[in-house]
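Residue numbers (my numbering): 108 to 192.
In structure tokens:
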């Protein structure tokens, strides 16, 4: 990671001598074993599999208390219960 940060700083200095923007790194993971279920049938996607709706975000209870992490259901499941991104 330090090599990447140094390269970003050099590239910024190449644009303008005093250019020193803030940099944010995001870590995105697609594969995990977390599954979510709707809290009631009306909260589901209406399918017979009773998945949560696309666009559902979970950012409390099961997430780290101090890290900025969340789970996002980005698509509708057409077969079995969703695994979330």
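Glycine included, every Cβ here is placed at the ideal spot set by N, Cα and C.
Since we're looking at a predicted model, the values are computed, not measured.
Do you know how far the Cα of residue j is from the Cα of residue i?
i: residue 178; j: residue 153; result: 21 angstroms
i: residue 131; j: residue 147; result: 37 angstroms
i: residue 176; j: residue 138; result: 15 angstroms
i: residue 118; j: residue 136; result: 27 angstroms
i: residue 120; j: residue 127; result: 7 angstroms
i: residue 116; j: residue 108; result: 13 angstroms
i: residue 129; j: residue 166; result: 25 angstroms
Around the Cβ of residue i, are there at least 16 other Cβ atoms within 10 angstroms (buried) or fewer (exposed)?
i: residue 158; result: buried
i: residue 134; result: exposed
Looking at C-alpha atoms only, which residue of the options is the closest neighbour of residue i?
i: residue 182; options: 108, 162 and 117; result: 162
i: residue 140; options: 169, 108 and 173; result: 169
i: residue 164; options: 143, 113 and 127; result: 143
List the endpoints of the continuous alpha helix (DSSP H) containing residue i.
i: residue 162; result: Looking at the DSSP string, residue 162 is not in any alpha helix (DSSP H), and its letter there is neither H nor E.
i: residue 109; result: 109-122
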